[in-house]
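Report on the following structure.
Protein chains: 2
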Amino acid sequence: MILKRLPDEALKLVAARFRVLGEPVRLKLLQLVCEGEMSVTELVEAAGAGQANVSKHLGILLEAGLVARRKEGLNVFYRIADESVIELCELVCRSLGMRLAAQHEVIKQANRVGRKRTQPQGR
Amino acid sequence: MILKRLPDEALKLVAARFRVLGEPVRLKLLQLVCEGEMSVTELVEAAGAGQANVSKHLGILLEAGLVARRKEGLNVFYRIADESVIELCELVCRSLGMRLAAQHEVIKQANRVGRKRTQPQGR
DNA sequence: TGACTATATTGCTATGCAGTGATATACATA
DNA sequence: TATGTATATCACTGCATAGCAATATAGTCA
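Protein chains in written order, with my numbering: chain R, 14 to 136; chain S, 14 to 136.
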């Protein structure tokens, strides 16, 4: 288990990354770009947040290395740069027992079929 | 990919969980109890934080369902209740390229061999 | 009962940061 | 050049929360 061995300095870094992910708007942005590149304008519309705010959040995600930038003329396109974010969200979702939150028959069905999964005790 | 399908409400919950993990002291507490039960007093000593502070953080971890409580006389023992935290940390560590943070000779050595004398100093 | 210990809670301050409007920068087009 | 558009940055406000001292609560022991 890596966790045991992490010195305090490392814990700070890990916490910092979790903190980057601890913001609904940023998760929304990651969700949007995880399907493919999107321009800032598109992200602003899709996320339903202010332009300055989205730009700032994108800057934070960029600095954290979670997304990457590509400039093309007037537009700037963002994309996922660290696929681990997706895994992290999946893990959290499972832990939160939120298979249902995906609110899609596909998921519900898969859930019913592959029921051998470890049951997350609902606290 | 679950992430794609998460509605905004779910994103808030996921963000909330990440935020709980986005605090060095809380990660430290999780690190300490992940080896086994510990009393609050022990945690206060080991974490090097104030008693009130540790108690508050433990409360937050408890409410998030990440730890569990057991009372025995005057003492209260905390333990990990959600093993996914460990996985989450591992994922983040790997993503951060912090295998080296495990501070083992192997890594230090590799670090020294592969590089010139450039010291990796903190920020 | 009272004294003592372990833990939780309260009230407070200070800091971090999300959100916003205004402005700056970069690029394109005429 | 001037004008317009896309993005980034600045300055500011307000809110959430980490940390702390003091106090409260709960349990033990005399």
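Glycine included, each C-beta is placed from N, C-alpha and C at the ideal position.
Would you check if the distance between the CB atom of residue i and the CB atom of residue j is smaller than 7 Å?
i                     : j                      : result
residue 15 of chain R : residue 106 of chain S : yes
residue 28 of chain R : residue 103 of chain S : no
residue 43 of chain S : residue 98 of chain S  : yes
For residue i, collect the residues of the same chain with a Cβ closer than 8 Å to its Cβ; drop the 5 residues on either side in sequence, then sort them by chain order.
i                     : result
residue 39 of chain S : 33, 70, 73 and 74
Between the Cα of residue i and those of the options, spot the shortest distance and give me the residue it belongs to.
i                      : options                    : result
residue 108 of chain R : S/49, S/101 and S/111      : S/101
residue 50 of chain R  : R/80, R/103, R/18 and R/98 : R/80
residue 90 of chain S  : S/56, S/41 and S/61        : S/56
residue 92 of chain R  : R/22, R/66, R/20 and R/45  : R/45
Do you know how far the Cα of residue j is from the Cα of residue i?
i                      : j                     : result
residue 58 of chain R  : residue 68 of chain S : 42 Å
residue 78 of chain S  : residue 94 of chain S : 7 Å
residue 111 of chain R : residue 64 of chain S : 34 Å
residue 96 of chain R  : residue 18 of chain R : 24 Å
residue 25 of chain R  : residue 53 of chain R : 30 Å
residue 61 of chain S  : residue 61 of chain R : 42 Å
residue 76 of chain S  : residue 83 of chain S : 14 Å
residue 86 of chain R  : residue 30 of chain R : 31 Å
residue 22 of chain R  : residue 66 of chain S : 19 Å
Please list, in chain order, all residues of the same chain as residue i whose beta carbon is under 6 Å from its beta carbon, the five residues on each side excluded.
i                     : result
residue 88 of chain S : 52
To which residues of the same chain is residue i closer than 7 Å at the C-beta, ignoring the five residues directly before and after it?
i                     : result
residue 20 of chain R : none
Is residue i near the ligand SAM, going by C-beta to nearest heavy atom under 6 Å?
i                     : result
residue 42 of chain R : Absence of the ligand SAM from the depicted structure is noted, as is the absence of any ligand whatsoever, leaving it without description.
- Task: Please list the segments of the alpha helix (DSSP H) lying wholly inside the segment 24-107 of chain S, counting only runs of 4 or more residues, in order along the chain.
- Result: 37-46, 53-60 and 64-76
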